[in-house]
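Chains as they are written, first to last, in the numbering used here: chain A, 24 to 286; chain B, 1398 to 1761; chain C, 548 to 623.
The C-beta atom is built at its ideal place from N, Cα and C for all residues, glycine as well.
Notes follow the structure.
Written out as structure tokens, the structure is:
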């Protein structure tokens, strides 16, 4: 292709995709190929498209995404490990007309924050919980998480997760879907264009639920990779995720508009 | 004169919160302070002022709800008793690090562990020296009456917002449970959204076009910046030490001996002082009202005047360490106190003065 | 018949060379450059620019949001 032709195409009027302005220009602290970056961007895309950035307050967890506020260009709070749903409750109860979401990893949400998560959902707080599940503690260096698969290796299950000794992985999303306060529960992924588009639709529905004050929590799990923790290349980790994580954590909607989805 | 009422300390605290225009209270029941949330729920503050009251699933959740609301510029508070306060300490440390204002009430009971539900003053170290992790201080107010359980809500929020720092009201089971006459202050309206934006420009109320995004965090992975942040906190604590010391003195002008006591122990020591004076022993009393900042200068000055000081607290001797630091060897300092939920009597306190200070003064 | 032509612009210094975009591209436009950026990563570039349709697939899966996409209907 000639330079001239390229220059003709690369013109502002031909722009079809550009990272949202609600993502800062800070270099993401995530490893190459990590799904966190995509998930961040999707949330900010939705916030921009719904034009709610002035009224949206995010809560970052402890974990890899502890610095989410460095990347999302909106007002944010950083919560203690596992406590994001309680922090979000505090904000939302005082500002019922603001839009409040938490962004939490599996260690944060499904281990140390299990109580805060379950009770915030059971109270039917009108918030969004975005749950990134990569089956491992990424930030601290790849230790076993509550979501680590049976037989899966981590730095604290170096010979694979022995469920007799270490217990079973926790399917938090199925667990909380049983609570009356869970208004929308879905499990998504962001490793292919089709999955990204679906995940974005789910996030948009979640934000609309909150704006329209449909009672209860909108809970969006995103099954993601951790190539560093899994000790794989990014592309290989995505394949491994499809082959191993998805059978255990099947993608799809579990609850929409407060009703279980028949499969 | 404001409205007079006969109330429990815990109830007065709850009523004061409503009247002060507090935006939210998040709590969890524990004896001997459950009356706070019971009173608030019964009073329907959501109807009286629009105040949010929520019973959380744990003390941990409650303090983190406080963190969220405080980070969004709201006047928000919580209360608990010793074992529950231990659980809250994680959130308190985060709030100190993120410089969030709140008023936190501890109606102290005996410990360690589950201990007892009876009154104690054994949480002094936790309140004054840290309690949570990291180099931080709470501003600590010690009420000695039901009236102060009400007044200190107001005073506490003034200090909390002035310094962007959590304030602890270190009460105890006596003050929380007993009934006294209290003069309630008049209703103050809750802050409007505009007032919140003006008073707390740092709060996460939603980004506007005229400012950068606000971030509430205690994290900075860059050690040089984290050190700077710590230096800023320490400078703030020094300002507080310089400007906010509060205490009360009784009969100190001609005193040869001195009691130092806070909270309910101060009331007992006051009676012991009268008993001593009846016997001709010239005793004074200094009651610290702020435990952090501690009235060091005043104690140091009095130490040059008296023959000995008895620090009286319902503990194994915690505040006495600060008294000794303040006295700096100028005079003899001893501790007296019962533990485990036992309240010392004025006679016991007087006897302790005679035994430990007057009788044992030969080693001066 | 009008032909759709696309092009991508990569923010080279923010690219981490994860290669997720390579698989996402339906027309095999993208490869990793043999050179590295300031952080030492091989970065994505249009190896076959003629094949780009501007479908945005690469951009939306890019975890670091480094790809900007343009599309133009070309007159034959």
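Per DSSP, the beta-bridge partners of residue 589 of chain C are C:583.
Under the three-state reduction of DSSP, residue 124 of chain A is assigned to strand. For residue 578 of chain C, no CB of chain A lies under 7 Å from its own CB, so it is not counted at the interface with that chain. Beta-bridge partners assigned by DSSP to residue 202 of chain A: none are found. The DSSP-derived three-state label of residue 157 of chain A is coil. Chain-ordered, the chain C residues with CB closer than 7 Å to the CB of residue 53 of chain A read 610. From the listed residues B:1408, B:1445 and B:1448, the smallest Cα separation to residue 1429 of chain B is found for B:1408. DSSP, reduced to helix, strand and coil, places residue 140 of chain A within a helical segment of the structure shown.
The Cβ atoms of residue 1579 of chain B and residue 116 of chain A lie no closer than 7 Å to each other.
According to the DSSP secondary-structure assignment, residue 30 of chain A is paired through a beta bridge with no residue. For residue 1663 of chain B, same chain residues with a beta-carbon under 6 Å away, outside a window of 5 residues either side, are 1541 and 1684 in chain order.
Residue state for residue 69 of chain A is assigned as helix, using DSSP reduced to three classes.
Secondary structure note for residue 1621 of chain B: its alpha helix (DSSP H) is the uninterrupted segment 1620 to 1640.
Between residue 154 of chain A and the set A:236, A:64 and A:211, the nearest pair of CA atoms involves A:211. Burial of residue 1552 of chain B is indicated by the presence of at least 16 other C-beta atoms within 10 angstroms of its C-beta. Residue-level contact by beta carbon holds for residue 1604 of chain B and chain A, with a gap shorter than 7 Å. Classified as buried, residue 131 of chain A has 16 or more neighbouring CB atoms from the shown chains inside 10 Å of its CB.
Under the 7 Å criterion on CB atoms, residue 607 of chain C is classed as interfacial with respect to chain A.
Assignment of alpha helix (DSSP H) within the stretch 1419 to 1491 of chain B, counting only whole runs of 4 or more residues, yields 1431 to 1440, 1442 to 1445 and 1456 to 1468 in chain order. Around the C-beta of residue 1634 of chain B, 16 or more other C-beta atoms lie within 10 Å, and the residue is accordingly described as buried. Shown here for residue 1447 of chain B: same chain residues with a beta carbon closer than 7 Å to its own, the five before and five after excluded, namely 1587 in chain order. Beta-bridge annotation (DSSP): residue 618 of chain C is paired with C:553.
The stretch 152 to 166 of chain A and the stretch 70 to 90 of chain A touch, with three or more beta-carbon pairs separated by less than 8 Å. Residue 33 of chain A and residue 1591 of chain B have their C-alpha atoms roughly 45 Å apart. Just so you know, the alpha carbons of residue 1571 of chain B and residue 1741 of chain B end up roughly 12 Å apart.
By the beta-carbon neighbour count (other beta carbons within 10 angstroms, threshold 16), residue 1518 of chain B is buried. Annotation: residue 28 of chain A to residue 607 of chain C spans about 24 Å, alpha carbon to alpha carbon.
In this model, residue 1716 of chain B and residue 1484 of chain B are separated by some 22 Å (Cα to Cα). Residue 1550 of chain B: member of the alpha helix (DSSP H) spanning 1543 to 1560, first to last residue. For residue 107 of chain A, the enclosing alpha helix (DSSP H) stretches over residues 107 to 117. Listed along chain A is no residue with a C-beta nearer than 8 Å to that of residue 1558 of chain B; the closest approach is about 16 Å. Beyond the five residues adjoining it in sequence on each side, residue 1556 of chain B comes within less than 7 Å, by CB distance, of 1536, 1564 and 1641 in the same chain, given in chain order. Runs of the beta strand (DSSP E) lying entirely within the stretch 209 to 255 of chain A and spanning at least 3 residues, in chain order: 240 to 246. Think of a sphere of 7 Å around the beta carbon of residue 149 of chain A: no beta carbon from chain B falls inside it, the nearest being about 14 Å out.
No Cβ-Cβ contact shorter than 7 Å links residue 564 of chain C with residue 618 of chain C. Setting aside the 5 residues that flank it on each side, residue 1413 of chain B is surrounded in the same chain by 1547 and 1550, each with a C-beta closer than 6 Å to its C-beta; the list follows chain order.
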